[in-house]
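Asker: Have a look at this one before I ask anything.
Protein chains: 2
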Amino acid sequence: MKFNQYSRMIVPYRTQVSELQGIGFLDQLVTPQTSLNDLWLSFIYKSFPQAQSQSTLKEMVSNLLATPTQNVLEYIDQKTVDAAPFYTVGLQLLGFTCGDDFKVDQPLQTMKDFNLLYHEKLNNIEELVGAWYDLLNTRGKNGQILLDALAAQGYFLPLYDLPIAQKPLLFNGKSQPVFATDDLIREVVYIESSLDTDHDGKRDLLKAEILRPSDANNGLKVPAVYTASPYNQGTNDEAGDKMMHNVDQPLTRKEPNELQYEDIKYQQDTEELPPERPVKGTTQQAEETFGREFSYTLNDYLAARGFAIVYAAGIGTRGSQGVRNCGSPAETASTIAIIEWLAGNRRAFTNKTDNIEIKAWWCNGSVAMTGRSYLGTLATAAATTGVTGLKTIISEAAISSWYDYYRDNGLVIAPGGFPGEDADVLAEECFSRQLDGADHLKVKPFFGQQLAQITRGQDRTTGDYNTFWDARNYLKDVANVKCDVLMVHGVNDWNVKPRNVYNFYRALAKLPVTKKLILHQGQHIYINAFRSLDYSEMINLWLTNKLYDVANNADQILPAVLVQDNVQPETWTAYPDWDKTEVKQQNLYFDQEKLTENQPAKTATVSFSDHLSDEQFAKYRQNFENWRNTILADHASDLSDKRLLFKTQPLANDELLRGAAHLKLKVASNQDHGMLSVMLVDYGTAKRLGVSPTVLARKSISEGYHWREDDLNEFQLTKKTPFKMVSKGHINLQNRTANYKTDDLQADEFYDIEFDLQPTFYHLPQGHQLGLVVYSTDMEMTVRGNEKINYTLDLSECQLTLKTSKY
Amino acid sequence: MKFNQYSRMIVPYRTQVSELQGIGFLDQLVTPQTSLNDLWLSFIYKSFPQAQSQSTLKEMVSNLLATPTQNVLEYIDQKTVDAAPFYTVGLQLLGFTCGDDFKVDQPLQTMKDFNLLYHEKLNNIEELVGAWYDLLNTRGKNGQILLDALAAQGYFLPLYDLPIAQKPLLFNGKSQPVFATDDLIREVVYIESSLDTDHDGKRDLLKAEILRPSDANNGLKVPAVYTASPYNQGTNDEAGDKMMHNVDQPLTRKEPNELQYEDIKYQQDTEELPPERPVKGTTQQAEETFGREFSYTLNDYLAARGFAIVYAAGIGTRGSQGVRNCGSPAETASTIAIIEWLAGNRRAFTNKTDNIEIKAWWCNGSVAMTGRSYLGTLATAAATTGVTGLKTIISEAAISSWYDYYRDNGLVIAPGGFPGEDADVLAEECFSRQLDGADHLKVKPFFGQQLAQITRGQDRTTGDYNTFWDARNYLKDVANVKCDVLMVHGVNDWNVKPRNVYNFYRALAKLPVTKKLILHQGQHIYINAFRSLDYSEMINLWLTNKLYDVANNADQILPAVLVQDNVQPETWTAYPDWDKTEVKQQNLYFDQEKLTENQPAKTATVSFSDHLSDEQFAKYRQNFENWRNTILADHASDLSDKRLLFKTQPLANDELLRGAAHLKLKVASNQDHGMLSVMLVDYGTAKRLGVSPTVLARKSISEGYHWREDDLNEFQLTKKTPFKMVSKGHINLQNRTANYKTDDLQADEFYDIEFDLQPTFYHLPQGHQLGLVVYSTDMEMTVRGNEKINYTLDLSECQLTLKTSKY
């Protein structure tokens, strides 16, 4: 076990004392004369809120070993407090088992091995208070800090009734769970957008579900954590599945053109908007509640800690008006309408009929956005509007340009695992008004037209960047970003590929906002229930700062770039940036099956065919893992002549591969069209992290006392594998100049192409070899026409440029 | 989708009316003059408890389609109520989507296809009320009845404050969720057992965690649903893993003996018991609470419905005293101590120190037990004591004799998937006092001795039934059973094998108690979150009857034996018994590779070797699935000479295989020891149900308003497989007479053996072939000495006897 904590705030002794008093851990006056062991014991005694009598408490405390032969009460009689017994007891409070998890006679060594903060000396009150303060902030076996574990036992119950002037209650810069989740107010409002996307002559009303502390009814103004999730009100999975496009189609030759970006640039529509609804009255009381929202456990954690949680699914979803149009500017406007209401700059009504206005009177006007994938995407979209009230976004696995989600360099490129999906499919899936039979009836014909328009606009024929995609490119508007940004992405996310976060991260660099980046080793996942990382606490620190305006140094404390190591499990490392500092550029040249540091004297041309037998094709189009493992294998297989493989020498030292590799190739197709795909591969037999995290303990994470739960998980090493795919790239040979312009392509003629692979942050261990596999049809991402095309590379004009740093 | 509901109570119109009034669905006086469509609309209006104003309500109702072109409000203006619109609306309320899940113009056909109850005519008030009453009891897409789905939206909130005289609130014979789960009282008591298993000179105190409705504080007496779970306070997984026995050992020849059962019969110890603790005071107020118990979602469902939930882990677990001894009579006594306290016949204290007595003053004295595996086992153990207060047990996947869990016919036979596990390992794993470091210190030496005693007693050397196992055989005491019994078991449970439930079921047959049996197609799983079966409602009906003494005909309504079909998904069928009625006995004879209905004229002897190459052995001992798939394959493989395979002709008709197949073999070993294993196999390429249920929707089952949740799941057909293992059997050739007696065995001499295979209830489809595979070493269950032994069968003296019935 190894723990990584980045949310810890270093505070002086006086602050420690007052915070411990604030949360009720210190009720006595602490003076230098206070008995050390009395104080320690009083701390321990307070760590069992489930005990409601002295006898019960004593029984529980006496179960704690202090030394290999004494329980804590026996030890305490000796009137000393040494670090060893302190951490023996501490480890037990943190949920570790004597003997199994740690040696009772070596607790300090265990603290060190687990990468937990500890103090070697406890010679005076100040040191003891400091050690206890830190222990409360230390993560335990169940992946929560001790104070959160105590909260799950009801520690904070007596503080639920604190005067609102004392809320939020802070400890170590973070808001504590002193908000009764049993009493959360759940209400629905309908926000009037400045849109009429369903063309019914009325502005689209947008349903928002709110969970907020009841303290708000007593005068506490709380900030809002808002998740814009198009999936939230249900999805049309079956209808979406039926719409999936057939990818078993040949790549079509495109007519060359001379398009410039200006030719395809998106211009905002200036449709006339129906008037606002008249306000016929106002109220503070909503008229609709709900049983269970579709929640995100990070939000659940925050709901117990004084943040209102707001979910809205947006235009075209169940309960709202309008239609979906997949990442369009209208969806962005629909997303920020909720923020505008929360910040007091837009109207909402209690229902869709009566025009009774209801304000977010309980909100302090500060809003953060959370969520992953489409949800994080809409957070990104919202940030690029600079909307007032939005103080930060935490965008996880977010799309920054929809072209980078569904296309690449003039090719239709599916999100990994979903060949045939496209913007129209997603629009249909999220159009959950369809779930309300009678509501659907009203809007069905118009949505049909809308869908046809999306299908035309996305243009699967050319795969080119066009006005449709330009309208869905948030990167163009990054200059508008006024809020602080915390980005999270998996370097193995082949659904929302890493380029999305990379481009956003790079575009933000110039702006005067705080930006943080976390890169994990997962695919398209949430990371708030990892045992090894204090992600929830980091978010708490961040949001307590951004939304409650608490000066907790969140900007300084959280690392600029935090990266999970892919070799050592449970290891996270802070870096100043993704791929700038201490990074060196390295050119690799191509030889027969080799990547070399120096340009070889002689190189040849090498060819491969993209065509499979019917049997091969049938086999590999079904099983992507099998296809990937076969085409990447460095031994002979039935796919080894369908690709070219180039490998470096075994590495002399561990290296970090950072950012995007850049590839130049000189290539000829024997047809008048063609595409290339490449994979960057780490070759070397080794145990590697699993594809998905392993669940360590079901429901063991408590988001608050008698509140919701989450499964604790972690990436673990699996059995040895011979290689691992690190990055990918794809290009249409007719998009050599730009993704929006079609170049000519003559059969059997050589052309220079160059493009970036997907960025990464990858630890290449010593002795491994870096490989590049060049092929064409990508079973899981490109069209799969199984055409008879041969490709030839002129190796003398090929070059791979990497950015690396020392490990 | 197909639904199966067995919990429905048929009640007359007057009862329907009064129950609908009771739950607040009917507040108007219904007369024959009441307008049909007004009444229907009032029902619909009441189905949206989340709406808190008329406008909101109207908006929600207007989203419901009544006909392909009209919403329900438009339709209702026509003043008629036809069955089609009624069920179109009904299906939407049940969560089905117009178009995707059902055709709006054919709702009755959908009700029929889904196997949901519907009424063809709604011509008068009585028919409409009846139809609505039934609709509230109808399961929807999320696997809950409509009334439970409404409860999840807060429908019952206004009834939380009902006078206690009106609680429990009944509808259709079941207790409704009118108990505020936010206010549940959570308390711990320590029950004094009549045991001193840790020999510390004091009676063992047993910790019990109780969750009970706060209404109890206002005078409501509630029954208790009690789960005895040794896992509940944590487990020592690592220590247990370390103790796993090495199974890669040869089978040892045993010295023949002439033991009789009387020689090994267990006699109860008569140890002297320390005196009871003196009572120094009494209280109604507990002194300890808890944050989160380790819960079972069925109990969560019941907790919202007026049943107190009690968890106790028993002797030797964290918080309790004593030591574990794996299924011993002391564990049974420890289990029933809790019931004795609940029924007022035993003392409990508020803590372990002060001797302040606390009674279960809130309990009506009626107790049920629930839980699976070891938990169900202890319920079975408790039932066989006839303890007062225990009204019923719901034993799921329960052991009825520990010999049938860890042994078979003179062999050490591991629970599937856990080779090397044994009673001592389980005792160690459950000895969770070890988790409290200082408490462990006190009891460690004694528990070490205890463990050594278990290791000796279980006797892995002979695998014979002995006094140790006889003490752990609950079947001997079945005559004591006084409570009603509901058994649940998976016919594919190779952990707790089906013989355990079969023997208990058969032993109960003679007793004047009600017994019910449910056989599902799962392995070792819970079945309370299946979409296709109303298991939770069945349990509600059962417990409302057994514990609240409500005359709801539960005994008559629930089927005697309910079996999930293994061919058709979502299909459950009621039978009068497991293997008696309409069952015919069928003898099959052995020929070369054949099982024949008539004894063949000539048969030969056939042999196989049990010995594998080192490489084979290394491969197959690691991967059980691979081993099973290879040894069962009916084509040549590297294991086909390690077994004999006999198959019937393809079946002319579908058949049901019921109960235990009986096998006679004439066999010789070429050594002076030996063992045979057999598998009964369904051969025939077909789509079959998956090994585990598929999760259909996460957290979609609400156990009550703002209460806990469960994942909805169901067995689904997977891709085609060539065969499926149906049953297994194992025997030591030296246990031909009895499992407690060792017979002689001479090398190369033929002996007659006969034994029962594990019982089953299996649907063999037409065209399939039944096969029997005879082999010796079972990679996942027996010892694996990889000895050079050859076995020879004399086919003329072999016979397989089956019990079958028509499908």
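Chains as they are written, first to last, in UniProt numbering: chain A, 1 to 807; chain B, 1 to 807.
Even glycine gets a Cβ: it sits at the ideal position worked out from N, Cα and C.
1. Please list, in chain order, the chain B residues whose beta carbon lies closer than 7 Å to that of Lys352 (chain A).
2. What's the gap between the Cα of Pro576 (chain A) and the Cα of Ile399 (chain A)?
3. Looking at the unbroken beta strand (DSSP E) that takes in Pro722 (chain B), where does it start and where does it end?
4. Given a limit of 7 Å on CB to CB distance, which residues of the segment 37-57 of chain A reach chain B?
5. Looking only at its own chain, which residues have a Cβ that is under 7 Å from the Cβ of residue 808 (chain A), when we skip the five neighbours before and after it?
6. Which class does Arg456 (chain B) belong to by DSSP, given the choice of helix, strand or coil?
7. Can you tell me whether DSSP reads Arg499 (chain A) as helix, strand or coil?
8. Tell me the rounded alpha-carbon separation between Ile753 (chain A) and Lys664 (chain A).
9. Whole angstroms is fine: what's the gap from Thr67 (chain A)'s alpha carbon to Leu122 (chain A)'s?
10. Within 9 Å of any Cβ in chain B, is that where the Cβ of Cys98 (chain A) sits?
11. Mind checking the segment 167-195 of chain A against chain B and listing, in chain order, the residues whose C-beta falls within less than 7 Å of any C-beta there?
12. At the level of alpha carbons, what is the spacing between Leu547 (chain A) and Leu435 (chain B)?
13. Between the C-alpha atoms of Val81 (chain A) and Pro32 (chain A), what's the straight-line distance to the nearest angstrom?
14. Taking Ile677 (chain A) as the reference, give the member of A:Tyr311, A:Phe755, A:Tyr502, A:Pro759 with the closest Cα.
15. Just to confirm the assignment, what range does the alpha helix (DSSP H) spanning Phe617 (chain B) have?
16. In the DSSP assignment, find the beta strand (DSSP E) that holds Arg212 (chain A) and state where it starts and stops.
17. Kindly indicate the opening and closing residues of the alpha helix (DSSP H) around Phe43 (chain B).
18. Buried or exposed for Val279 (chain B), going by 16 or more other Cβ atoms inside 10 Å?
19. Of all the CB atoms in chain A, is at least one closer than 9 Å to the CB of Gln453 (chain B)?
20. What residues from the segment 430-447 of chain B come within 8 Å of chain A, judged by C-beta to C-beta, listed N to C?
21. Examine chain A for any beta-carbon lying closer than 9 Å to the beta-carbon of Gly344 (chain B), and answer yes or no.
22. Reducing DSSP to helix, strand and coil, say where Ile518 (chain B) ends up.
23. What residues match up with Val563 (chain A) in a beta bridge as DSSP calls it?
24. Could you check whether the Cβ of Thr289 (chain B) sits closer than 9 Å to any Cβ belonging to chain A?
25. Applying a beta-carbon distance threshold of less than 8 Å, which residues of chain B neighbour Ser320 (chain A)?
26. Quick one: any contact between the segment 605-617 of chain A and the segment 642-654 of chain A, if contact means 3 or more CB pairs under 8 Å?
27. Please list, in chain order, the residues of the segment 353-381 of chain A that have any C-beta partner in chain B closer than 7 Å.
28. Can you give me the Cβ contacts of Glu276 (chain A) inside the same chain, cut-off strictly under 8 Å, excluding the 5 residues immediately before and after it?
29. State the CB to CB distance for the pair Leu259 (chain B) and Tyr775 (chain B), rounded to an integer number of angstroms; the pair is presumed to be in contact (CB under 8 Å).
30. For the segment 477-486 of chain B against the segment 391-411 of chain B, are there 3 or more C-beta pairs whose distance is under 8 Å?
31. Drop a sphere of 10 angstroms on the beta-carbon of Gln449 (chain B), count the other beta-carbons inside from all chains shown, and report buried for 16 or more, exposed for fewer.
32. Might you give, ordered along the chain, the residues of its own chain that have their beta carbon closer than 7 Å to the beta carbon of Val89 (chain A), omitting 5 neighbours on each side?
33. Using the three-state DSSP reduction, which class does Ala228 (chain A) fall into: helix, strand or coil?
34. With a cut-off of 8 Å on the beta carbons, I'd call Tyr502 (chain B) and Ala383 (chain B) a contact; round off their distance for me.
35. Please list the segments of the alpha helix (DSSP H) lying wholly inside the segment 608-679 of chain B, counting only runs of 4 or more residues, in order along the chain.
36. With Ile701 (chain A) as the anchor, note down where its alpha helix (DSSP H) starts and where it stops.
Answerer: Considering the structure as presented:
1. Glu59
2. 23 Å
3. 717-732
4. Gln50, Ala51, Gln52, Ser53, Ser55, Thr56
5. The structure shown has nothing for residue 808 (chain A), since chain A only spans 1 to 807.
6. helix
7. helix
8. 6 Å
9. 16 Å
10. yes
11. Asp182
12. 41 Å
13. 15 Å
14. Position check: residue 677 (chain A) holds Ser in this sequence, whereas Ile was assumed. Ser677 (chain A) has its Cα closest to that of A:Phe755, out of A:Tyr311, A:Phe755, A:Tyr502, A:Pro759.
15. 614-622
16. 205-212
17. 36-45
18. exposed
19. no
20. Gln434, Leu435, Asp436, Gly437, Ala438, Asp439, His440, Leu441
21. no
22. strand
23. A:Leu519, A:Thr573
24. yes
25. Going along chain B, no residue has its Cβ under 8 Å from Ser320 (chain A), so there is no contact; the nearest lies around 12 Å.
26. yes
27. Thr353, Asp354
28. Glu192, Arg203, Arg347
29. With 8 Å as the limit, Leu259 (chain B) and Tyr775 (chain B) do not qualify as a contact, their Cβ atoms being about 29 Å apart.
30. yes
31. exposed
32. Ile44, Leu64, Ala66, Val72
33. strand
34. Incorrect: roughly 16 Å between the Cβ atoms, too far for contact.
35. 614-622, 624-632
36. Not the alpha helix (DSSP H): Ile701 (chain A) falls in the beta strand (DSSP E), residues 694-702.
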